Structures are given as C-alpha cells and as structure tokens.
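Some notes on the structure that comes next.
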Amino acid sequence: MTDPRFVRLEDVILDECFPELDLALRRGRHVDRNDAEWYALLTDGQEFLEPLYRRYGCELIQKSEGYFYLLPTNERLGRRQLSASEMMVGQALALLYLDPKAVEDGGLVTREQVLGHLAGVVGSEALVVALNPKRKRYDERVAAETVRSKVTDAIRRLGLLGFVEQLDEERLRLRPSLMRFAEPVRGSGSPEGELERLVAAGEIVLKEGRDEPDAGGEADEEPSTDDDEDDLPGGHRGAEDDDGDHRGAEDDASRAPE
Amino acid sequence: MPSADPSDDLSDDRARPRSDLQSEARTEPRSLIASLFRRGVALDLQTIDLCFLAALSLRADRTGAASFQEDELFDVFEQVAELGASTTAEPAKKRGSHVVRRLREQKLLVRVDGAGVLRAGEYALSRLASAVVGFFLEDEALTRESLTILSASLVSCLEAVAVAARSATTEDAWRHTVTAPLRVTLFDLVSGIERRQRGFDLQQEEFQRAIGALLAADWFGAVERCTALLETTSATLRELNEILLGHGPRLGELLHEVQELAASAARDDAELAAKSAAEHVDRVAAWGGARQRAWSDYHDWVHRYLRDVVRLDPSRTLVHRLREQLAGRGAKAYSLTVASAPPMKLLRPAHVEPPHVPVRRPKKERDVEPELTTPRDPDAALEASMRRALEEGATGLAAVTERATEGHELDDRFQTAGKVAQILPRLATVRAPRERVWTPAGDGLLVEEWPIEREETGS
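Line by line, the protein sequences are chains R and F.
To convert, count from 1 in the first sequence and add 442; that's this note's numbering.
To convert, count from 1 in the second sequence and add 40; that's this note's numbering.
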C-alpha cells in the first residue's frame, strides 16, 4: 500500500496548487479530470478539505461523473443562482453532451451548434422571448443579435464556472460537470420528487417562470444598443460596475493549471 | 501533376528530373510551389473518369496486362458507362473519346506505343492515375504485420548501407552503395510506412464516425461493440507505437554512423542523403506518439461517455426529460446554485496626502508699456542705395537699378525696378530719348536705359 499524499490538513494547504484551487472553488469553479493537478489535489485531500469547507458553510461535493464543486449551504461565503440564459444554455450544452454525435468529435462543439440546438429544442420565437424578457415589441434583427450575444455571454460565464472549456472564439469542449444541469431530471423517480430533494440540499432554487428577472445582478445585461438602453432602469445600469469587478475575479477563477 | 494549360516557357520546369524537384522542395519549398502555380497544375476528375480509371486498373490486375489497346480501352469504358445512369443521349463511343482525351490531357493515361498516326494507340495508366485509383481501391492502412516487415526491411537495408559506407573508398562506391540506396530503397520503404500511416489516420476518422453512428442507431445495445472497437484500436495503436519506438533508436544509430562516415570522407551527397533520411525516419517515428496521445484523449472521452451517459440512461429517458425541461414543458423552472465568494479586498497602505494647494493661474499684465522704435522706411533705404550708386559713378538707369536691387530675389527686383525709375529723376538729371535701348540691369532683368547727365566739374 502506498503512503498517502497528505497526512494532515496543513499538508493540503501548503500544496503549491491550493491557493489557486481554493479561490477557484469559492468562485463557483467546477473541477474535473481535465484540471489534472487540481483534481488530484482534491481527490487526495478530500478527507481534510470537506471538514474545512464545512466550517465556512459549504459542502465539497464530488459527483460520480468525476468532478468536484463547492456548494454553499448558507450566505457565509457568498452564493448565486445561475441566470435564465445561463440555465438555458447550460441545459442545451448538457443535451449536446448526451448526444451521440458528441462522441464523433470527442466532445467538441461550436457556438453555432449550441445556438442551433437551442433554437431547435426551444423554438426560435420562444428563444427570442425568453432571452428578451423585458421587451414588449421586437425588431427581428436586434432581437436575434441579442439572443446571439446573450448565448455567447452565457457560454463565457459557464466556461468560467468550469462547465465548458473555450478552445477559441468558436469551439468549446464539453465537460462532465454539465451533467449538473440534468440532475433534477435524472433518476427513475418523479422529477417533482427529485426537485424537492435538490431544493432541500441547496443545489437548486425553484423559479416562478423563465421570464423572472435574473438573480445575482450580474447576469443578462441588455446588449448596449441604443434602443435597448431605453428599456434599462437607471438602477440596473449602476450595477454594471459591480458586475465588471466580479467578472474580473471570475477570470482568475478560470485559470486551471496545465 | 499535369498542367491544364501548358505553355512553352515552362518547359524547363517540366524537363527537370523529379529528384531535382524533390531536393529543391526541401531547400526552397516556396520556389517549387511558385513553379507549380506558374504551371497552373490542376486536376478535374468526374465520377465517370474515376470509375473508368478504377476499371482499367482492376482489369490490368486481373489480366496482368501492362497496357491496353484502343479497342480494349473503349470496351472497358462501355462497361463502366452501362453501370452509371447516364443523362446524356451521346453515344458511349463518343463519350469515351472525351473521357480518354481528358485523361490524356491530365497525364492520367499515357500512350506507350509511340506509333503516332501509323496505327491505333496503346495506353497505360500513369503513376498519378495508379495513386488516385489506389486511394479509392486499396485499403492500405498500417497494420502490425506490415509495419514489422517494413521496419525490419528498413533496418537490414540501413545495415547494408552502413557496411558499404565503412568500406567505400571511391566516389563510385559511395554513389552506388550508399547514396543511391539511401535515396531510393530507404526512401521507398519509409514512404511506404508513411502512406500506410495516412491510411490508418483515415481509418481512425471513419472509426470515430462509426462509433457515433452505432450509438445513434442502437443506444444501449452498441455499448459492447463500441467498447470492443475502442479496445482493438487502442491495442493496434499501442503495438504500432511500440514497433516504431523499438526500431527508432537502431535506425537513428545507423543513419548517424553513415552520416559521420560520409562527413569524414567529405562525401557531401551521401551526408545530405543520410541527413534527409534521418529526418524522414524521425517524422515517421513521431507519428506513433502523436497519434497515441490524441487517441488517448478520445478513448477517455468515449469511455466516460459510455459509462456516465449510455450505461446510466439505457432508455434515453434523461435526454427526453431534459429536452422537455429546456422546451419549457418540464415540471418547474429551476436554477443551479453556485458558490460566488466576492473577491478579496486588498487594502492599500495608508498614504498621507500633502496639503491641497488650489490651482491658480499666474496674474498676467494686461497693459503693455509702449516702446520706442525707429520706423523703417523701405523707400528711404532704396533712395540711400541709389545715392551710393550715383556717387560711385553709375551712368544710367540700368546701372543704378542693378546696384540698388543687388542681392534681392527676382520678383522683388522686378518690383523695386519700378520704384528706382520713379525716384531716379529726383536724384539726378536723366535723359529720356525717343529711342530708348533695352539694357540688362543684372541677371534676368531688362530696363529701358535712361542715361544720366552729369555736370562737367572741370568746365
């Protein structure tokens, strides 16, 4: 039997990768086998890290698909709910992950494929309505542009959370943590029962409807076209600075070791 | 490759031996590509052309014939044309003539009898045609057996070359026993491996498509077949890489020895050939590692997919439910919770600001004290210079003008000349005869001469 890599919490914390990994987890990053060093550190130090994060009001979750993430159970560390657009894009990406076609390319998809899949499943009209909740009338071209920009933005934010890996402007690699989006509809039981269980565990929050304004303030900013700005309430625009700061922090969180 | 539009000035390029072109390609790839552009190389093949070439190749294999008589050619074409549903009403013979002409123009079919118009021709497939047909007909992927044989042949060929290099003393011996085998035998063997590697790559691509298609057609039932396919390919790739890695060091060692022997004997040709062969062998050996790494990623991904997706969702209920959820027909809308710790606040060190000094504009004196200045009168200056000219003995308007305008620009002199004519009568007595002579007053200026009358001082 080989010697364990860590014998005390101090060893884990003194590991070279720990500070970056810790910051990333606290900012919502999902860590899987592709983040080789982080994943190895989490696997080897799991027994020490679980009690550590529990003291901060978080659970270090490991899923059978082979990924870790931090689930806050109270407000001590800070938490947010994914926005409507992030949820839609995340679910579409999860569907692509489950599609046999993904096997052909080893899990590589293009942004256009994601858009096509979303439009195919949700329907173009419904997609425009869902991603333009504050609008009462639409200019077809502007609405389509808004959809594209929101989807791109959602992909970028999901990339920062470790759900996908953006290889370049167009291509992205699907990661196993996308299965989190399918969690409530998994299992042989009724989806309602599963939803209740996940709500109780703090994994998800139920929403009234898709048109509900996004939680967390940062999600779903209107694109900066002139006519869009007319619809923005003054207070909403003021939140952009905070959002910008927050994104900067998330950028740091996305940096995984090679 | 053939040129669609040959021109006379390109005959040099075409006449050059292929070995020259290859050596140029290594040293000057840009010029070789530019030469291909100049020659306008192109291939334009339709399905009927390819099928005809394939039929000729198969017939040659079956009958052992190296060439075809014209009748045979058209006979084969008619059989091919019957298989394809033709949309034209053109007779097969006429279509055959067009196809043969097109293939001849593109150097895919060559006439080998040299009889010209004396009798009907005899044709054979060119090397280009054989390569094109080979791509479609031959399943030439790299296998354990073919790689073992080719690698062993490569090692024995190189050992023979090394032995020859050790004992070679004359230029002929170096050329025939070292350089030529390196350039021909070794090149062919390594190219053979490379060609099969490309075939294997193609097979891999098809294989990835096949796994996707198997899963799409028979979701859970395809798991075992997909796993078996994955394992077989992984094992093949591992074996191929092991063979390449096993022979690689020996090949490198032999080529290095030949290169050193050639260098010490000052045989540049042999040294260059050994160097080029070593690069070729390195490239072939690197293929195995690169493919195994790429395959390893794909292998892991598919395995994970089969384990986490297919096995856990045999009836595809998950996909159906997730689609319903995304389409808004699911139970309730929900949102995932993620950690979102605010970024750490890094406090800056305390810094005491110096007392604030308001910014003020310095007072500016608005009233300026008047200054005494001497007025400048350009006419007075001109008059003074004219007086000097008169005192120095100027005899007429031209001389005064020349002296007064000395050092001025031409335009300025032209203007000043008028003033000189105006002032001069005040300073001296001038005569203005009826006929006045145009006299040069310096460079580029002519004036009508007014002679100056001077008082006789002596009388």
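Virtual Cβ for every residue (Gly too), placed ideally from N, Cα, C.
Values in this document were obtained by computation on a predicted structure and should not be read as measured data.
| Item | Value |
| --- | --- |
| Where residue 510 of chain R falls: helix, strand or coil (DSSP) | strand |
| Interface residues of the region 532-552 of chain R facing chain F [CB-CB below 9 Å] | 532, 533, 534, 536, 537, 539, 540, 541, 542, 543, 544, 545, 546, 547, 548 and 549 |
| Residue closest to residue 599 of chain R, alpha-carbon to alpha-carbon, out of R/446, R/532 and R/479 | R/532 |
| Per-residue contacts from residue 564 of chain R into chain F (C-beta, under 8 Å) | 366, 367 and 368 |
| For residue 455 of chain F, the three-state DSSP class (helix, strand or coil) | helix |
| Cβ neighbour criterion (16 or more within 10 Å) applied to residue 592 of chain R | buried |
| Entirely enclosed alpha helix (DSSP H) segments - the region 129-194 of chain F, minimum 4 residues | 132-145 and 167-177 |
| Continuous beta strand (DSSP E) assignments of at least 3 residues falling wholly in the region 369-418 of chain F | 373-379 |
| Where residue 452 of chain R falls, given that 16 or more other Cβ within 10 Å makes a residue buried | exposed |
| Interface flag, residue 608 of chain R vs chain F, CB-CB below 8 Å | no |
| Same chain, Cβ closer than 7 Å to residue 471 of chain F, neighbours up to 5 away in sequence not counted | 490, 491 and 493 |
| As assigned by DSSP and simplified to three states, the class of residue 618 of chain R | helix |
| Endpoints, beta strand (DSSP E) assigned at residue 500 of chain R | 500-505 |
| Residue 295 of chain F and residue 624 of chain R closer than 8 Å at C-beta | no |
| Alpha-carbon spacing of residue 230 of chain F relative to residue 487 of chain R, whole angstroms | 50 Å |
| Contacting residues, own chain, Cβ-Cβ under 8 Å from residue 177 of chain F (five flanking each side not counted) | 94, 97 and 98 |
| Meets three-Cβ-pair contact criterion under 8 Å: the region 372-387 of chain F and the region 274-285 of chain F | no |
| Entirely enclosed beta strand (DSSP E) segments - the region 513-559 of chain R, minimum 3 residues | 521-523 and 550-552 |
| Contact list for the region 443-463 of chain R against chain F, Cβ threshold 7 Å | none |
| Of the residues F/441, F/447 and F/446, the one placed nearest residue 465 of chain F, counting alpha carbons only | F/441 |
| Element boundaries [alpha helix (DSSP H), containing residue 346 of chain F] | Run containing residue 346 of chain F: none; DSSP gives neither H nor E here. |
| Exposure label - residue 426 of chain F; buried when at least 16 CB within 10 Å | buried |
| Cutoff 8 Å: residue 380 of chain F Cβ touching any chain R Cβ | yes |
| Local Cβ density within 10 Å of residue 589 of chain R, reported as buried at 16 or more and exposed below that | buried |
| Cα-Cα separation, residue 423 of chain F to residue 478 of chain F | 23 Å |
| Span separating the alpha-carbon of residue 405 of chain F from that of residue 432 of chain F | 52 Å |
| Cβ of residue 251 of chain F within 8 Å of any chain R Cβ | yes |
| Chain-ordered neighbours of residue 406 of chain R on chain F, where CB pairs are closer than 9 Å | Residue 406 of chain R is absent from the model: chain R starts at 443 and stops at 700. |
| Whole-angstrom distance between residue 561 of chain R and residue 582 of chain R, CA atom to CA atom | 15 Å |
| Rounded C-alpha distance that separates residue 236 of chain F from residue 266 of chain F | 24 Å |
| Same chain only: Cβ atoms within 6 Å of residue 172 of chain F, ignoring 5 sequence neighbours per side | none |
| Cross-chain neighbours of residue 341 of chain F in chain R, by beta carbon under 8 Å | 545, 548 and 549 |
| Helix, strand or coil at residue 124 of chain F according to DSSP, with G and I counted as helix | coil |
| Collapsed DSSP secondary structure at residue 319 of chain F in the structure displayed | helix |
| Segment contact flag, the region 127-142 of chain F with the region 106-118 of chain F, C-beta cutoff 8 Å, min 3 pairs | yes |
| Partners in chain F for residue 646 of chain R, counting only beta-carbon separations shorter than 7 Å | 374, 375, 376 and 377 |
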